[in-house]
Amino acid sequence: MNIFRLAGDMTHLLSILVLLLKIYATKSCSGVSRKTQELYAIVFLARYLDLFTDFISVYNTFMKIVFIASSLAIVWCIRVHPMVKRSYDKDLDTFRHYLLVAASFLLALFLHEKFTFLEIFWAFSIYLEAVAILPQLVLLQRSGNVDNLTGQYVFFLGAYRGLYILNWIYRYLTEPRFTRWIACVSGVVQTALYADFFYYYFISWKNNSKLKLPA
Amino acid sequence: NDDGDVKDEL
Numbered sequence: 005m006n007i008f009r010l011a012g013d014m015t016h017l018l019s020i021l022v023l024l025l026k027i028y029a030t031k032s033c034s035g036v037s038r039k040t041q042e043l044y045a046i047v048f049l050a051r052y053l054d055l056f057t058d059f060i061s062v063y064n065t066f067m068k069i070v071f072i073a074s075s076l077a078i079v080w081c082i083r084v085h086p087m088v089k090r091s092y093d094k095d096l097d098t099f100r101h102y103l104l105v106a107a108s109f110l111l112a113l114f115l116h117e118k119f120t121f122l123e124i125f126w127a128f129s130i131y132l133e134a135v136a137i138l139p140q141l142v143l144l145q146r147s148g149n150v151d152n153l154t155g156q157y158v159f160f161l162g163a164y165r166g167l168y169i170l171n172w173i174y175r176y177l178t179e180p181r182f183t184r185w186i187a188c189v190s191g192v193v194q195t196a197l198y199a200d201f202f203y204y205y206f207i208s209w210k211n212n213s214k215l216k217l218p219a
Numbered sequence: 808n809d810d811g812d813v814k815d816e817l
């Protein structure tokens, strides 16, 4: 474990806590893409299939459970909870996210570290996570003004994988046989998808103005 | 798993 990866995991956890706060405090999921939340639930379920078979550390197991439980809880909230469900922007959240699932799985069938069930699902989860934010970014562009908590949620979610890139550089430099090309390339693509969001987020922070993504 | 590339990251 290095400082970059710990900071990345904490930033990821923070993004989830901010989203939970937003939904709990405002009893609303306006501006939140249910599809992105569903994709993230699939990402965690596919990536942590080894939850009960490979024990890495208490921290690792604990965080995996937190990520799986929180992502399922958020999807449940948006789909089932009557107050929250009513505020879901159904006609704005129209990204065909099942195409992202299909494309990621197809890519994982061809590009993986080993042709085993766990490795293919792990690669699938890596590719899917890289594009999982797309429905959310599209929704933000369509919904015009973005409330602070939703903006912070997306910012921390994008920042965590950026910190992971620093972690991979650090591990590549310090560990002789460390290579994680699939995660690394995917992580760079994932972070790059946030580039314009980060730009407008920085502008709104600098001018102390409302975050607004151009349509 | 036993071989080198244990998935130790989240």
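Here the protein sequences come in this chain order: Y and V.
First residue of the first sequence? That's 5 in this note's numbering, and the numbers climb one at a time after it.
First residue of the second sequence? That's 808 in this note's numbering, and the numbers climb one at a time after it.
From the three backbone atoms N, C-alpha and C, an ideal C-beta is built for every residue, glycine too.
Keep in mind that this is a model prediction, so the values were computed, not measured.
Using only the alpha-carbon positions, how far apart do residue i and residue j sit?
i, j, result
"Lys814(V)", "Thr183(Y)", "12 Å"
"Asp809(V)", "Ile60(Y)", "Confidence is the limiting factor: at Asp809(V) the pLDDT is only 41, short of 50, which leaves the residue's position unreliable, though a coordinate-based value still follows. Each residue's Cα considered, the two are about 11 Å apart."
"Pro180(Y)", "Lys216(Y)", "45 Å"
"Leu161(Y)", "Thr15(Y)", "7 Å"
"Leu3(Y)", "Lys26(Y)", "Nothing about residue 3(Y) can be reported from this structure: the residues present for chain Y run from 5 to 219 only."
"Leu143(Y)", "Gln41(Y)", "13 Å"
"Ala50(Y)", "Asn149(Y)", "33 Å"
"Thr120(Y)", "Ala112(Y)", "11 Å"
"His101(Y)", "Phe128(Y)", "14 Å"
"Thr57(Y)", "Glu816(V)", "15 Å"
"Ile169(Y)", "Leu138(Y)", "20 Å"
"Asp212(Y)", "Asn6(Y)", "The question names Asp, but residue 212(Y) in the sequence shown is Asn. Whole-angstrom Cα-Cα distance: 34 Å."
"Leu21(Y)", "Tyr28(Y)", "10 Å"
"Lys214(Y)", "Ser208(Y)", "6 Å"
"Arg175(Y)", "Arg165(Y)", "15 Å"
"His116(Y)", "Ile186(Y)", "7 Å"
"Pro218(Y)", "Gln145(Y)", "6 Å"
"Asp95(Y)", "Ser34(Y)", "12 Å"
Going by the DSSP bridge assignment, what does residue i pair with across the sheet?
i, result
"Lys89(Y)", "Lys89(Y) is not bridged to any residue."
"Lys216(Y)", "Asn149(Y)"
Can you list the residues of chain V that residue i reaches, using a CB-CB cut of under 9 Å?
i, result
"Trp126(Y)", "Lys814"
"Val186(Y)", "Note on identity: in this sequence residue 186(Y) is Ile, with Val being the wrong assignment. Within 9 Å Cβ-Cβ: nothing; Ile186(Y) doesn't reach chain V, min ~11 Å."
Residues of chain V with a CB under 7 Å from the CB of residue i: which are they?
i, result
"Arg9(Y)", "Glu816"
Nearest chain B C-beta to residue i closer than 8 Å, yes or no?
i, result
"Ile60(Y)", "In the structure shown, chain B does not exist; the protein chains are Y and V."
Identify every run of the alpha helix (DSSP H) within the stretch 36–67 of chain Y, keeping only runs that are complete inside it and at least 4 residues long; order them along the chain.
-> 38–51
Going along the chain, which residues of the stretch 64–76 of chain Y sit with their C-beta nearer than 9 Å to a C-beta in chain V?
-> Asn64, Met67, Lys68 and Phe71
If you scan the stretch 147–183 of chain Y from start to end, which runs of the alpha helix (DSSP H) of 4 or more residues do you find wholly inside it?
-> 152–178
Against chain V: residues of the stretch 6–30 of chain Y by CB proximity under 7 Å | Arg9 and Asp13
For the stretch 68–137 of chain Y, list the alpha helix (DSSP H) runs that are entirely contained and at least 4 residues long, ordered along the chain.
-> 86–90, 101–114 and 121–135
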